[in-house]
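Inspection log for the structure reproduced underneath, given as structure tokens.
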Amino acid sequence: MNELLPPELLRMLLLAAALATLAMLVTLLVQRTTRRGRERRRAELDAVHRWLVLESTIAEDDELPRLLARVRALSGAERAHISRTVFMMLQDVTGEAADRLRQVAAASGLAPIAMAAARRRSAVSRADGAEALGRLAPEGALELLLGLSEDRDPEVRTVAVRALGGFEEPAAVARVVQALASGSGVPSTVAATALLQQGQAASDHVRLALRDPDAGIRRGAARVAGLLQVPGAGDELVALLQDDHESVRLAAMRSLERLPVREAIEPLVAIAIAGGTTGEAAARTIAAMPLAWSAPTLEALDDAEPGVRRAAGLRRREATA
244 MNELLPPELL
254 RMLLLAAALA
264 TLAMLVTLLV
274 QRTTRRGRER
284 RRAELDAVHR
294 WLVLESTIAE
304 DDELPRLLAR
314 VRALSGAERA
324 HISRTVFMML
334 QDVTGEAADR
344 LRQVAAASGL
354 APIAMAAARR
364 RSAVSRADGA
374 EALGRLAPEG
384 ALELLLGLSE
394 DRDPEVRTVA
404 VRALGGFEEP
414 AAVARVVQAL
424 ASGSGVPSTV
434 AATALLQQGQ
444 AASDHVRLAL
454 RDPDAGIRRG
464 AARVAGLLQV
474 PGAGDELVAL
484 LQDDHESVRL
494 AAMRSLERLP
504 VREAIEPLVA
514 IAIAGGTTGE
524 AAARTIAAMP
534 LAWSAPTLEA
544 LDDAEPGVRR
554 AAGLRRREAT
564 A
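In case it helps, the working numbering puts the sequence shown at residues 244 to 564.
Written as structure tokens, this is what we have:
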């Protein structure tokens, strides 16, 4: 049977436990006090300087240099606060106001910080730097983002490709198209969204990508072609209806709903009659075509599967009896 601990040792253990508990309470108190002090300081800075940021977005051209000079004259803590404010606002602001905010960010010294972060060893820092470069678009950002879009870390590549959506240069568009490839490590939705952001600057690249050997690139380009209304893409989309990959065929059908081509009717009817999920998608595409084209084909779908008839907008047989 174990003997009881000596009273002296027991008192020492109780004292150590009490001291540890006290230290934890003091640490929590210090952390809470520090956090509250930091929040109070940010609120004070926001009350003083937020109007300066807002004023810069509506200032006349001859007034902006004076405002930027005031930003440069602030203390380091004040410029850091303005940098955070501008960075958050750029998430939702576009157009001329965004251009003004980028000038404020440059005056506050945010751009060099973002570029330095994009070169760090930490993947988290590189991803944060890529996101900031996409919003700020300082000189040299495109070259850095092109490099980060091939980073060894897939998260960094994803953030960099998303950021490249804000650049319309051919090199940026070409890199985003390549990010559609199978095995790129970048979600196809991210690359497709970046292409949509690049708009008409991406049209030629998207049309050429419809013939790319990589199925992922063909699929992504087919999704985007209809949304961007890419000129000259109709014939390529019709050709993709016979693609070896079902996902590519389905993407082409979705785009043909938005970019109708009369030559697509015949192959779509054949696919619809074959039935299945792809047949239903083909029927929906036919139904989305101009009525002058699709009406003569509906009779051919009269004996198709119920799901295909429903997708084509045909009434059930018992309803027509």
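Beta carbons are placed, not taken as given, at the ideal position from N, Cα and C, and that holds for glycine. Keep in mind the model is a prediction, meaning the values are calculated, not measured.
Discussion item. If contacts are defined as beta-carbon pairs under 8 Å, then valine 336 and alanine 373 qualify, I think. What distance do you get, rounded to the angstrom?
Written reply: Within the sequence shown, residue 336 is the residue found at index 93, counting from 1. Within the sequence shown, residue 373 is the residue found at index 130, counting from 1. Valine 336 to alanine 373, Cβ: 20 Å. No contact.
Practice prompt. For glutamate 506, collect the residues of the same chain with a Cβ closer than 6 Å to its Cβ; drop the 5 residues on either side in sequence, then sort them by chain order.
Written response: Here residue 506 refers to the residue found at position 263 when the sequence shown is read from its first residue. Within the same chain, glutamate 506 has close Cβ partners Val481.
Discussion item. I need the boundaries of the alpha helix (DSSP H) containing glutamate 374, first residue and last residue.
Written reply: As a working note, residue 374 is residue 131 in the sequence shown. Unbroken alpha helix (DSSP H) run through glutamate 374: 366-379.
Worksheet entry | Nearest-angstrom Cα separation, counted from arginine 466 out to alanine 494 | In the sequence shown, residue 494 corresponds to position 251, counting from 1. In the sequence shown, residue 466 corresponds to position 223, counting from 1. Cα to Cα, the separation comes out at about 5 Å.
Worksheet entry | First through last residue of the alpha helix (DSSP H) which encompasses threonine 528 | Start at 1 with the first residue of the sequence shown, and residue 528 comes out as number 285. Bounds of the alpha helix (DSSP H) holding threonine 528 are 519-531.
Fill in: Collapsed DSSP secondary structure at threonine 328 in the structure displayed
Position 85 of the sequence shown, counted from the start, is the residue given in the question as residue 328. Helix at threonine 328.
Discussion item. Measuring only the C-alpha atoms, how far is alanine 525 from alanine 476?
Written reply: Within the sequence shown, numbered from 1, the residue matching residue 525 stands at position 282. Within the sequence shown, numbered from 1, the residue matching residue 476 stands at position 233. Cα-Cα distance, rounded: 18 Å.
Worksheet item: What do you reckon, are the CB atoms on valine 404 and alanine 452 nearer than 8 Å?
Response: Stepping through the sequence shown from its first residue, residue 404 is reached at position 161. Stepping through the sequence shown from its first residue, residue 452 is reached at position 209. No, the Cβ-Cβ distance between valine 404 and alanine 452 is not below 8 Å.
Worksheet item: Exposed or buried, what is glycine 409 when buried is set at 16 or more other beta-carbons lying within 10 Å of its beta-carbon?
Response: In the sequence shown, counting from the first residue as 1, residue 409 sits at position 166. Taking a 10 Å sphere around the C-beta of glycine 409, we find 16 or more other C-beta atoms and assign the residue as buried.
Practice prompt. Buried or exposed for methionine 244, please, with buried defined as at least 16 other CB atoms from any protein chain shown within 10 angstroms of its CB.
Written response: Reading the sequence shown from its first residue, position 1 is the one you call residue 244. At methionine 244, the pLDDT of 45 sits below 50, so the modelled position is not reliable and the matter cannot be decided from this model.
Item to complete: In angstroms with no decimal places, state the Cα-to-Cα distance between arginine 309 and leucine 344.
Response: Stepping through the sequence shown from its first residue, residue 309 is reached at position 66. Stepping through the sequence shown from its first residue, residue 344 is reached at position 101. Approximately 14 Å, taken between the alpha carbons.
Item to complete: Label methionine 255 either buried or exposed according to how many other C-beta atoms from any shown protein chain fall within 10 Å of its C-beta, with 16 as the threshold for buried.
Response: Walking along the sequence shown from the start, residue 255 turns up at place 12. Burial call: exposed.
Worksheet entry | Same chain only: Cβ atoms within 7 Å of alanine 458, ignoring 5 sequence neighbours per side | In the sequence shown, residue 458 corresponds to position 215, counting from 1. If we look at alanine 458 and ignore the five residues flanking it on each side, its Cβ neighbours are Ser425, His488 and Val491.
Worksheet item: To which residues of the same chain is serine 427 closer than 8 Å at the C-beta, ignoring the five residues directly before and after it?
Response: For the purposes of this step, residue 427 is identified with residue 184 of the sequence shown, where counting begins at 1. Closer than 8 Å at the Cβ level, and outside the excluded window around serine 427, lie Arg400, Gln421, Ala434 and Gly459.
Worksheet item: Near glycine 377, which residues of its chain fall below 6 Å by C-beta distance, leaving aside the five closest residues on each side in sequence?
Response: Taking the first residue of the sequence shown as position 1, residue 377 is located at position 134. Residues Ala406 and Gly409 of the same chain have their beta carbon placed closer than 6 Å to that of glycine 377, with the five preceding and five following residues left out of the count.
Item to complete: Let me know the secondary structure DSSP gives glutamine 334 once reduced to three states.
Response: Counted from its first residue, the sequence shown places residue 334 at position 91. Reduced to three states, the DSSP call for glutamine 334 is coil.
Practice prompt. Could you check if isoleucine 301 is buried or exposed, using at least 16 other CB atoms within 10 Å of its CB as the buried criterion?
Written response: To locate residue 301, count along the sequence shown from 1; it is residue 58. With fewer than 16 other Cβ atoms inside 10 Å of its own Cβ, isoleucine 301 counts as exposed.
Practice prompt. Measure the CB-CB distance between glycine 463 and leucine 499 and report whether it falls below 8 Å.
Written response: Your numbering for residue 463 matches position 220 in the sequence shown. Your numbering for residue 499 matches position 256 in the sequence shown. For glycine 463 and leucine 499, no; Cβs fall outside 8 Å.
Item to complete: Give the straight-line distance between the Cα atoms of threonine 563 and threonine 520, rounded to the nearest whole angstrom.
Response: Counted from its first residue, the sequence shown places residue 563 at position 320. Counted from its first residue, the sequence shown places residue 520 at position 277. Here threonine 563 scores only 46 on pLDDT, less than 50, and its place in the model is too uncertain to base an answer on.
Discussion item. Could you tell me the alpha carbon to alpha carbon distance between arginine 558 and arginine 418, rounded to whole angstroms?
Written reply: Numbered from 1 along the sequence shown, position 315 holds the residue referred to as residue 558. Numbered from 1 along the sequence shown, position 175 holds the residue referred to as residue 418. Approximately 47 Å, taken between the alpha carbons.
Item to complete: Indicate whether leucine 511 and threonine 528 have their beta-carbon atoms separated by less than 8 Å.
Response: Mapped onto the sequence shown, residue 511 falls at position 268. Mapped onto the sequence shown, residue 528 falls at position 285. Their beta carbons are under 8 Å apart, which means leucine 511 touches threonine 528 by this criterion.
Fill in: Under 8 Å between C-beta atoms of glycine 556 and glutamate 523
Position 313 of the sequence shown, counted from the start, is the residue given in the question as residue 556. Position 280 of the sequence shown, counted from the start, is the residue given in the question as residue 523. No; because the gap between Cβ atoms is not below 8 Å, this pair is not in contact.
Fill in: Cβ distance (whole Å) where serine 537 is taken to contact alanine 530 below 8 Å
Residue 537 sits at position 294 when you count from the first residue of the sequence shown. Residue 530 sits at position 287 when you count from the first residue of the sequence shown. Contact flag correct, Cβ pair sits at about 6 Å.
Worksheet item: In terms of residue numbering, what span does the alpha helix (DSSP H) encompassing leucine 439 cover?
Response: Against the sequence shown, residue 439 aligns to sequence position 196. Following the DSSP letters along the chain, one finds leucine 439 inside the alpha helix (DSSP H) bounded by residues 431-441.
Worksheet entry | Nearest candidate by alpha-carbon position, reference leucine 484, set Glu382, Asp545, Ala515 and Gly383 | Counting from 1 along the sequence shown, the entry for residue 484 is found at position 241. That would be Ala515, whose Cα lies nearest to the Cα of leucine 484.
Fill in: Sequence-distant residues of the same chain with beta carbon closer than 6 Å to serine 351, five excluded per side
Translated into positions along the sequence shown, residue 351 becomes position 108. Excluding five sequence positions before and after serine 351, the CB atoms of its chain that fall closer than 6 Å to its own CB belong to Val314, Arg322, Ile325 and Ser326, given in chain order.
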